[in-house]
Amino acid sequence: MHSTVTDNPVITTKGLTKVYESRGRQVTALDGVDLHVREGEVFGVIGQSGAGKSSLIRCVNLLERPTSGTVTVDGTDLTALAGRGRRAGRDLRRARSRIGMVFQHFNLLSSRTVQDNVELPLEILGVSGAERARRALELLDLVGLADKAKAYPGQLSGGQKQRVGIARALAGEPRVLLSDEATSALDPETTRSILQLLRDLNRQLGLTVLLITHEMDVVKTVCDSAALMRSGRVVESGTVAELLATPGSELAGELFPVSGQATGPDRTVVDVTFHGEAATQPVISQLARTYNIDISILGAAMDSVGGKQIGRMRIELPGRYEENVVPVGFLREQGLQVAVVDPAATNTATTAAPTTVPTPGTASPSPLAKEAAK
Ligand SMILES: Nc1ncnc2c1ncn2[C@@H]1O[C@H](COP(=O)(O)OP(=O)(O)OP(=O)(O)O)[C@@H](O)[C@H]1O
Ligand SMILES: [Mg+2]
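Quick note on my numbering: the sequence shown kicks off at 21 and runs consecutively.
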């Protein structure tokens, strides 16, 4: 079984704005966010602390009331339902039961067993006792915790607690799962297993996942698409392939960082981006054979995304750029994106920006890296 990403939008926000008022001060956490998450995809939102990621996810399920703009989930305009009398309140609750939410700190009730935690949303929906138990056990089995039904949260590891959190989020049979830093309280190995679980659920159940993270690795491991947020705005967004194909994309630079400097004078260094059809062709060996030149690979960041090789490679050709116009043209003809790296930059630094476009992700420490260093 595998999921298919369709073009149907499942989560759409238009002009989403959130202004918090605290002690007479106004904080604009979201500043006109347009987000499009397609059916069946895992969509990652990444950004520095304070960029507005949690505000975004809380506005998407109306835990937080947007100041302006609209949120549509699975065809229902939630913003239109919010705060329009009792009837609308009931409709909003029903619509929200189709949106599962997973939290960083699990938010389990310590006095209830694992099974009772998973049953909680079903109780609220008025599902009968026998049916609740049947569903809860089925969900615990799905997340690999069938044997922990009678345990209490205090008796579980962090990873197990998060599995309970995920089972609970699935109780209302959601079409959409929202996850706010679900793995940031977990160690790297547990993080991997939880990400794998989210990916499996995405594939098996066709569940659309919107996840928030500040870790590029999370995006790289599970996401089909990603958006970068800064100061309450989405500054980049697209599928991983689209981002890679965008010259100067900061996200692409972070996802597929390449470095390496020229091994001597009179060399041409180029960054080649592989995506789509071109990635399956042996272009580098064709280039070497066609022009009878020795090519050195200085660095590469490749990954298989959706069964296709995707990534970037920094290669070195003998001779100055003027002598390599034809081979570089050959690469472009193969449908590859090619950026010639400024030799001055490679002489002084281990990472260099292509001359064609300023790439903040490679020319200087990235904003995300800077944030981590603080
Ligand atoms: N309830 C609130 N009242 C006032 N200001 C808030 C509130 N919640 C968030 N903010 C502010 O809104 C901005 C965005 O916060 P938000 O929590 O959405 O960021 P974030 O990207 O999730 O950050 P982090 O990575 O640290 O979780 C910040 O400046 C924050 O201080
Ligand atoms: Mg947050």
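Every residue gets a Cβ at the ideal spot worked out from N, C-alpha and C, and that includes glycine.
Could you tell me the boundaries of the beta strand (DSSP E) in which residue i lies?
i	result
Ile401	What the structure shows of the chain is the stretch from 21 to 394, and residue 401 is not part of that stretch, so it cannot be assessed.
Leu361	The residue you asked about is not Leu; residue 361 is Val in the sequence shown. It spans 357-361 - the beta strand (DSSP E) in which Val361 sits, taken as one unbroken run.
Ala49	45-58
Glu256	253-259
Ile119	119-122
Ser88	88-93
Thr233	228-233
Val62	62-67
For the alpha helix (DSSP H) that residue i lies in, which residues bound it at each end?
i	result
Val303	303-311
Arg219	208-225
Glu139	134-144
Thr241	236-242
Gly178	178-190
Arg287	Counting along the chain, Arg287 falls outside any alpha helix (DSSP H), though it belongs to the beta strand (DSSP E) covering 287-294.
Arg396	An answer regarding residue 396 cannot be provided, because it is not within the stretch 21 to 394 covered by the chain.
Val345	345-353
Should residue i be listed as close to ligand 2, given that the test is whether its C-beta is under 8 Å from any heavy atom?
i	result
Ser69	yes
Ile232	yes
Ser199	no
Kindly list the residues whose CB is nearer than 7 Å to the CB of residue i, restricted to its own chain and excluding five residues on each side of it in sequence; keep chain order.
i	result
Phe350	Leu307, Thr310
Leu271	Ala246, Leu248, Glu256, Leu263
Arg58	Val25, Thr26, Asp27, Asn28, Pro29, Val30
Thr259	Asp244, Ser245
Arg188	Asn137, Val138, Leu140, Pro141
Any heavy atom of ligand 1 closer than 8 Å to the beta-carbon of residue i?
i	result
Ser75	yes
Gly185	no
Met121	no
Ala205	no
Ser88	no
Gly284	no
Ser117	no
Ser42	yes
Met333	no
Gly355	no
Met322	no
Ala247	no
Ala49	yes
Gly52	no
Gly149	no
Gly252	yes
Gly174	no
Gly72	yes
Please report the straight-line C-alpha distance between residue i and residue j, rounded to a whole angstrom.
i	j	result
Gly174	Ser131	9 Å
Ser75	Gln68	13 Å
Lys240	Leu221	17 Å
His125	Asp200	10 Å
Asn127	Ala153	20 Å
Thr33	Gln329	32 Å
Ala191	Leu129	16 Å
Asn367	Leu337	Only weak support exists for where Asn367 lies, its pLDDT of 45 falling under 50; the coordinates are left without a value.
Gly35	Val184	34 Å
Arg78	Arg113	15 Å
Gln216	Ser42	39 Å
Gly178	Arg287	52 Å
Val358	Ala49	37 Å
Gly146	Ser117	12 Å
Leu101	Gly109	7 Å
Gly52	Asn81	17 Å
Leu331	Asp97	A quick correction: the sequence has Gly, not Leu, at residue 331. Their Cα atoms are separated by approximately 37 Å.
Thr395	Glu84	The requested residue 395 is not part of the displayed model; the chain covers only 21 to 394.
Asp94	Ala115	9 Å
Ala171	Arg250	42 Å
Met322	Ile66	20 Å
Between which residues of its own chain and residue i is the CB-CB distance below 8 Å, once the five residues before and five after are set aside?
i	result
Gln180	Leu165, Lys168
Leu218	Val62, Ile186, Leu197, Ser199, Ala202, Val229, Leu231, Val242
Thr370	The pLDDT assigned to Thr370 is 37, lower than 50, so where the model puts this residue is not dependable; a value taken from the coordinates is nonetheless given after this. Counting only Cβ-Cβ distances below 8 Å, and skipping sequence neighbours, we find Ser279, Gly280, Gln281.
Gln301	Gln354
Glu391	With a pLDDT of only 40 at Glu391, under 50, the local geometry of the prediction cannot be trusted, and no value is derived from it.
Arg352	Val358
Gly44	none
Ile315	Ile304, Leu307, Ala308, Ile335, Glu336, Leu337
Please go through the same chain and pick out, in chain order, the residues whose beta-carbon is closer than 6 Å to the beta-carbon of residue i, but skip the five residues on each side of it.
i	result
Phe63	Val57, Leu230, Ser245
Ile186	Val122, Val163
Thr87	Thr37, Lys38, Val39
Ala156	Gln135, Val138, Glu139
Arg334	Val278, Gly280, Asp291, Leu318, Gly319
Val303	Gln354
When you measure from the CB of residue i to every non-hydrogen atom of ligand 4, does any distance come out below 8 Å?
i	result
Ala108	In the structure shown, ligand 4 is absent; the only ligands present are ligand 1 and ligand 2.
Legend entry - At least 3 beta-carbon pairs within less than 8 Å: the segment 151-162 vs the segment 126-137: By the criterion of at least three beta-carbon pairs nearer than 8 Å, the segment 151-162 is in contact with the segment 126-137.
Inset, instruction - Taking 8 Å as the threshold, find out whether the segment 244-259 comes into contact with the segment 304-313 through three or more Cβ pairs. - result: no
Legend entry - Cβ pair count under 8 Å reaching 3, the segment 206-214 against the segment 224-232: The count of Cβ pairs closer than 8 Å, one atom from the segment 206-214 and one from the segment 224-232, stays below three, leaving the stretches out of contact.
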